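I have placed the structure first, in the form of structure tokens, so that the comments after it can refer back to it.
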Amino acid sequence: MPKIPLMDYVGRPLLACLFIVLLLLQWRFPLRRQHFSVLHRLVRNFVLSIPGFAIARLAMLPIPIAIAIWAREQHVGLLNWIHLPTWAVVIATFLFF
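Mind the numbering: the sequence shown is residues 240 to 336 in the numbering used here, read in order.
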């Protein structure tokens, strides 16, 4: 069984950049007038957003990769039943996504 790498060089920086962009957008274009200090608001938003980011992070890579590895080993799925060249499988996979 192939080993799934623990280090993710794409997902973590992407989520960090998304977090920073959302933080800057919130600071620059607030939806309503704030009655709390900036520090209080940042702490509150940080505490509330951590579970959401953690769940998204856990669901974005390991679960789909594990399911794909299982499907390949069990020969489950349309592209495992049809014998196509590797390049055609890559293109079909991209299009199906």
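Each residue gets a CB set at the ideal place from its N, CA and C atoms; glycine is no exception.
Just so it is clear, the structure is predicted and the values come from calculations on it, not from any experiment.
Residue i - DSSP class collapsed to helix/strand/coil
i, result
"residue 252", "helix"
"residue 260", "helix"
"residue 323", "coil"
"residue 265", "helix"
"residue 300", "coil"
"residue 316", "coil"
"residue 279", "helix"
Nonlocal neighbours in the same chain, by C-beta distance under 6 Å from residue i, ignoring five residues either side
i, result
"residue 274", "none"
"residue 260", "none"
"residue 302", "none"
Residues near residue i by beta carbon distance below 8 Å, same chain, minus five either side
i, result
"residue 283", "275"
Supposed close pair residue i, residue j - CB separation, criterion 8 Å
i, j, result
"residue 319", "residue 327", "Actually they are not in contact, since the Cβ atoms of residue 319 and residue 327 sit about 13 Å apart, beyond 8 Å."
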